[in-house]
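FYI, the numbering for the sequence shown is 1 to 179, going by full-length UniProt numbering.
Glycine included, each C-beta is placed from N, C-alpha and C at the ideal position.
This report concerns only the one structure given below.
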Amino acid sequence: MYDVPVVSNAIDLKGSVEVVADYFYVAINSILYVRGIYPERLFKQVQKFGRTVLIAIDEELDKYLNVQKLMKFSSVGSSIKVPFIIYVIFRNLAPKTTDQISSELGGIVRQIVTSNAFLPTLSTSCTFDLLVYTDKNTDIPEGWGETGPRFVSNSTEVPLRSFSTRIHKVESIVSYRLL
């Protein structure tokens, strides 16, 4: 009879803590990036969990996010909750600068790009319509025509960020239906 070596894929407590700490670190950085808490220029791309993710390059933030310290609360059989709270420090009521509006638009574009992650896959050829809903008394520009409304029945709607200038306010929504 031969002794067959036993290969284990089991993870020990130390390894588990490292995996969980890595997860929290990547998750928090991803939220900070996607939610626009820090500017895009303060992130770099790294490979984690077989994916390219964005990690903040600010040293002070990195020290604050030292999740290894957080994991010291963890032990075998214990559980911890780690709420991640985003809140407004103050509300700026001054008129927005062009840079502020541009930054808001960049955030909305980032939301549009990331919304692809939850939209259903398009498995057939598609086309699109561009509709503009106006007041009844609005003059229609040359080259445009009147049509009826188009609705996505039984749809799910996901509101995106809004932005405003002193003159206009724009609210965006992704509306889709699972087939």
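### Task
Closer than 7 Å by C-beta to S107: which residues in its own chain qualify, once you throw out the five before and the five after it? Chain order, please.
As written in the sequence, residue 107 is Gly, which differs from the Ser given in the question. Hits under 7 Å: G36, R161.
### Task
Go to K63, then tell me how far its alpha helix (DSSP H) extends in each direction, as first and last residue.
59-64
### Task
Report all residues from its chain with a CB closer than 7 Å to the CB of V56; omit the five preceding and five following residues, and keep chain order.
A small fix is needed here, since residue 56 is Ala in this sequence, not Val. Only residues of its own chain outside the window of five on either side were considered, and among them N29, L32, Y38, L42, F43, D62 have a CB closer than 7 Å to the CB of A56, listed in chain order.
### Query
If you draw a straight line from the C-alpha of I173 to the C-alpha of P159, how long is it?
Those two C-alpha atoms are separated by around 4 Å.
#### Entry: Limits of the alpha helix (DSSP H) - the one that E104 falls within
98-115
### Query
Which two residues bound the contiguous beta strand (DSSP E) that contains F118?
Note, F118: premise wrong, no beta strand (DSSP E); not H, not E.
### Query
Looking at the structure shown, is L32 part of a helix, part of a strand, or coil, going by DSSP?
helix
### Message
Pull the bridge partners of V53 from the DSSP assignment, please.
### Response
V46
### Query
Roughly how many angstroms separate the alpha carbons of N116 and Y133, rounded to a whole number?
Inter-residue distance for N116 and Y133 is about 25 Å (C-alpha atoms, whole angstroms).
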